[in-house]
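Visitor: In UniProt numbering, the protein residues as written are 1 to 378. A virtual CB, placed ideally from N, CA and C, is assigned to each residue, including glycine.
1) Okay, do the segment 131-141 and the segment 54-63 touch, 3+ Cβ pairs below 8 angstroms being the bar?
2) With a threshold of 16 other CB atoms inside 10 Å of the CB of residue 199, please say whether the residue is buried or exposed.
3) Tell me residue 184's beta-bridge partners as DSSP assigns them.
4) Could you spell out the range, first to last residue, of the alpha helix (DSSP H) harbouring residue 179?
5) Can you check which of these residues, 43, 69 and 44, is closest to residue 53 by C-alpha distance?
6) Please state whether DSSP places residue 100 in a helix, a strand or coil.
7) Using 8 angstroms as the cut-off, can you tell me whether the segment 31-49 makes contact with the segment 183-193, which would need three or more C-beta pairs spanning the two stretches below that distance?
8) Need the endpoints of the alpha helix (DSSP H) that residue 73 sits in, please.
9) So residue 152 is in the alpha helix (DSSP H); what residue range does that whole segment cover?
10) Just to confirm before moving on: does the CB-CB distance between residue 140 and residue 41 stay below 9 angstroms?
11) Is the segment 97-109 in contact with the segment 142-155, if contact means three or more CB pairs nearer than 8 angstroms?
12) Can you tell which of 35, 71 and 56 has its C-alpha closest to the C-alpha of residue 390?
13) What are the start and end residues of the alpha helix (DSSP H) that includes residue 169?
14) Grab me the residues of residue 37's own chain with a C-beta within less than 6 angstroms of its C-beta, minus the 5 sequence neighbours each way, in chain order.
15) I'd like to know whether the C-beta atoms of residue 24 and residue 176 end up nearer to each other than 9 angstroms.
16) Rounded to the nearest angstrom, what separates residue 80 and residue 201 at their Cα positions?
17) Is residue 126 buried or exposed, if buried means 16 or more other CB atoms sit within 10 Å of its CB?
18) In three-state terms, what does DSSP make of residue 13?
19) Could you tell me whether the Cβ atoms of residue 94 and residue 85 are closer together than 9 angstroms?
20) Would you mind reading off the limits of the beta strand (DSSP E) that contains residue 121?
21) With residue 170 and residue 71 assumed to form a contact (beta carbons below 8 angstroms), what rounded beta-carbon distance in angstroms separates them?
22) I'd like the span of the beta strand (DSSP E) that includes residue 110, first residue to last.
23) Considering only DSSP beta bridges, list what residue 44 is partnered with.
24) Secondary structure at residue 84, three-state DSSP: helix, strand or coil?
25) Between 209, 87 and 196, which lies nearest to residue 158 when the distance is taken from Cα to Cα?
26) Which partner residues of residue 134 appear in the DSSP bridge assignment?
27) Between the alpha carbons of residue 110 and residue 185, how many angstroms are there, rounded?
28) Please list, in chain order, all residues of the same chain as residue 51 whose beta carbon is under 7 angstroms from its beta carbon, the five residues on each side excluded.
29) Can you tell me which of the three DSSP states residue 205 falls into?
30) Quick one: grab the DSSP three-state call for residue 194.
31) Tell me whether residue 221 sits in a helix, a strand or coil according to DSSP, three-state version.
32) Compute the Euclidean distance between the alpha carbons of residue 90 and residue 181, then round it to the nearest angstrom.
33) Using a Cβ-Cβ cutoff of less than 6 angstroms, which residues in the same chain neighbour residue 16 once the five nearest sequence positions on both sides are dropped?
34) Once the 5 residues before and after residue 196 are set aside, which same chain residues still bring their CB inside 6 angstroms of it?
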């Protein structure tokens, strides 16, 4: 982004952008005029059989019927056209036509595959296509005429060498006669476009380099302490470990540890890490100030809920009494386990495990995951 901004700034400069643009267009115009124009002349021919066909009758007194040559295209004619094309694409024939290897005149002889007009039908007919490119229009047309004559001569010579009956000789018919040479400016346009972009790229590249070099010299002259080349600076650790912190608890992910209470003071909690170094190191799941609440309480006696100890339970029968006894046994064991686990906690936070359950309020310990401190609520 900085590079393109600098380039656009150079374009807007009066002594950089406009002169380079004018110079590039001038160079493109010069290249367009220096590249020579190419002239192209073409001709298309097709092979046909005579009206009497390709065979002679066995009895001369009984001649065969006449046929339309345009209806007698066969694979034999396509093979003959291929033979003529191969024989014309030799260095001897090129020299006979006046062409020099590496010269300014080129000739192409094929079945029409390089001609868009014959591309779709060249595989169905015995076509012979001639194309000549030269820097001279007269030279291009002259070579096309000579190539057509050479093709007819080659066909006649081969039929005579094979002693074919003259009445069955194949002839060459012009489909498209020798065209007037046309000037092709494609090469000139390509050369002009290449020169235009080359001059613009080189010019703005040199201007950008010179501008950056001058700006660097000015910065160094204004500030001697300005470094010649920037040095890489390694980032320091985001959260260095402060001295004097407690060791993290053994449980993974724990961030709270209980501190030893002083004599006669309320128990307190130490939160890991301290608030002054707490940040993104707490992890993605510690962003919201959610609280963890632990309630230390026991079941209230039935009298508090308005139930009579000896109410309707006596009328339930033996089966019902047995079920209550089992549940009382299980719940009693669970209460004893809970008393063992949370009894110590009640003592630490000021509770008395010997108090009456009906008169004692619940002890609530609140742990804050993000940014809070543990505290006790009554």
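Guide: This is what the structure gives:
1) Segments in contact, no.
2) Burial state of residue 199 is buried, judged by a 10 Å Cβ sphere holding 16 or more other Cβ atoms.
3) For residue 184, which the question treats as bridged, DSSP gives the partners 38.
4) Unbroken run through residue 179: none, as it is neither H nor E.
5) Cα-wise, what sits closest to residue 53 is 69.
6) In this structure, residue 100 counts as coil in the three-state DSSP scheme.
7) Because the criterion of three Cβ pairs below 8 angstroms is met, the segment 31-49 and the segment 183-193 touch.
8) From DSSP, residue 73 is part of no alpha helix (DSSP H); its letter is neither H nor E.
9) Under the DSSP assignment, residue 152 falls in the alpha helix (DSSP H) whose first and last residues are 137-161.
10) The answer is yes: Cβ separation under 9 angstroms.
11) The segment 97-109 makes contact with the segment 142-155: 3 or more CB pairs, one atom from each, lie closer than 8 angstroms.
12) This structure gives no information on residue 390, because the portion of the chain shown stretches from 1 to 378.
13) Judged by DSSP secondary structure, residue 169 falls outside any alpha helix (DSSP H); it is assigned neither H nor E.
14) Around residue 37: 183.
15) With respect to residue 176, residue 24 sits apart: the two C-beta atoms are not nearer than 9 angstroms.
16) So the two alpha carbons sit approximately 54 angstroms from each other.
17) A buried status is given to residue 126, since no fewer than 16 other beta-carbon atoms sit within 10 Å of its beta-carbon.
18) Of the three classes helix, strand and coil, the one that applies to residue 13 here is coil, per DSSP.
19) Going by beta carbons, residue 94 and residue 85 fall outside the 9 angstroms limit.
20) For residue 121, no beta strand (DSSP E) segment is defined, and its DSSP state is neither H nor E.
21) Actually they are not in contact, since the Cβ atoms of residue 170 and residue 71 sit about 15 angstroms apart, beyond 8 angstroms.
22) Its beta strand (DSSP E) spans residues 106-110.
23) Within the DSSP bridge table, the entry for residue 44 names 129 and 176 as partners.
24) The answer is helix: DSSP assigns residue 84 an H, G or I state.
25) Of the listed residues, the one whose Cα sits closest to residue 158 is 87.
26) Within the DSSP bridge table, the entry for residue 134 names 39 as partners.
27) Straight-line Cα distance between these residues: approximately 24 angstroms.
28) Result list for residue 51: 66, 67 and 69, in chain order.
29) Residue 205: helix per DSSP, three-state reduction.
30) Helix.
31) Reduced to three states, the DSSP call for residue 221 is helix.
32) Cα-Cα distance, rounded: 24 angstroms.
33) Answer for residue 16: 10 and 207, listed in chain order.
34) Cβ within range, chain order: 24 and 28.
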